[in-house]
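Sequential numbering of the sequence shown, starting at 0, is according to numbering that gives the first Met the number 0. Even for Gly, the Cβ is constructed at its ideal location relative to N, Cα and C. First the structure, in the form of structure tokens, and then the observations on it.
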Amino acid sequence: MKSTMNITTIYFVRHAQPISFSEPQPQDVYNMRPLTEQGAQDSLAVAEFLRGVHVDRFICSNYTRSIQTITPAAEERGMEIIIDERLRERDGTLAGAGMGETRKRWLNMNYVDEGGENIRSVQRRNIEAMRDILELFAGQTLVIGTHGTAFSALMNYYDGAWNYVQFRRIVNMLPAVFRVRFAGQCMVDWEQVFALERGYPKAGK
0 MKSTMNITTI
10 YFVRHAQPIS
20 FSEPQPQDVY
30 NMRPLTEQGA
40 QDSLAVAEFL
50 RGVHVDRFIC
60 SNYTRSIQTI
70 TPAAEERGME
80 IIIDERLRER
90 DGTLAGAGMG
100 ETRKRWLNMN
110 YVDEGGENIR
120 SVQRRNIEAM
130 RDILELFAGQ
140 TLVIGTHGTA
150 FSALMNYYDG
160 AWNYVQFRRI
170 VNMLPAVFRV
180 RFAGQCMVDW
190 EQVFALERGY
200 PKAGK
């Protein structure tokens, strides 16, 4: 007997290229940094890619770079973006941005650097948001604006094979789009469907 459970399709959009800082910034400034000119251009490429996709809802973290990345696609459809702060990126600043610290966090997801947040915490709140989203919008097609660590932490929960190696693979993909399908609360499959290798700009750009 075939299952009649609705499939929920989510296009996770990792943000486009954001500006960088040459010196540490207050947490709120670092979190809310906007896209570069290149990033803004690439947000139009995301909109073009999604043009042939029927989208029922746009949902996003509250961070500027993520909102700006999916705004063109939402505006084309005259749709508002639902903000969910639980989808935000890992709390932290430049002090914990090096790959050495990043690797430590992935090898021990409870590891916390000074002034930062561990990956287990990032995963916990993102999964909490996803459970609500999958319940509220079951059977729909959604676009969710996300971040590198936040998305990787989510994927690690659903697929334990997604680890530091996978995270490193997508680091310079700014933006990137992943199509993930769910049956109820369970992930069915996932596929990377779009990416631009931009990397982060030099500090101060």
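Item, Value
"Run of the beta strand (DSSP E) containing residue 12, from where it starts to where it stops", "6-13"
"DSSP three-state assignment for residue 45, whether helix, strand or coil", "helix"
"Member of 100, 110, 67, 139 whose CA lies at the smallest distance from the CA of residue 182", "139"
"Cβ-based neighbour list, residue 190, same chain, cut-off 6 Å, excluding 5 preceding and 5 following", "178"
"Stretch-stretch touch, CB-based, cutoff 8 Å, three pairs: the region 26-36 with the region 157-170", "no"
"In chain order, each beta strand (DSSP E) run of at least 3 residues that lies wholly inside the region 55-142", "56-59, 80-82"
"Presumed contact (8 Å Cβ cut-off) between residue 88 and residue 148, rounded CB distance", "6 Å"
"Cβ neighbour criterion (16 or more within 10 Å) applied to residue 226", "Nothing about residue 226 can be read from this structure; the chain reaches only from 0 to 204."
"Span separating the alpha-carbon of residue 41 from that of residue 15", "6 Å"
"Same chain, Cβ closer than 8 Å to residue 106, five either side skipped, listed in chain order", "163"
"Opposing strand residues paired with residue 145 [DSSP bridges]", "13"
"Exposure label - residue 129; buried when at least 16 CB within 10 Å", "buried"
"DSSP beta-bridge partners of residue 176", "12, 193"
"Cβ-Cβ separation, residue 56 to residue 85 (assumed contact under 8 Å), whole Å", "Going by Cβ atoms, the distance from residue 85 to residue 56 rounds to 16 Å, so no, they are not a contact pair."
"Residue 182 - partner residues in DSSP beta bridges", "6, 185"
"For residue 68 and residue 43, believed in contact at Cβ under 8 Å, the rounded distance", "At roughly 10 Å, the Cβ-Cβ gap does not stay under 8 Å, so residue 43 and residue 68 are not in contact."
"Contacts around residue 66, its chain only, beta-carbon distance under 7 Å, and the 5 residues preceding and following it disregarded", "59, 80, 144"
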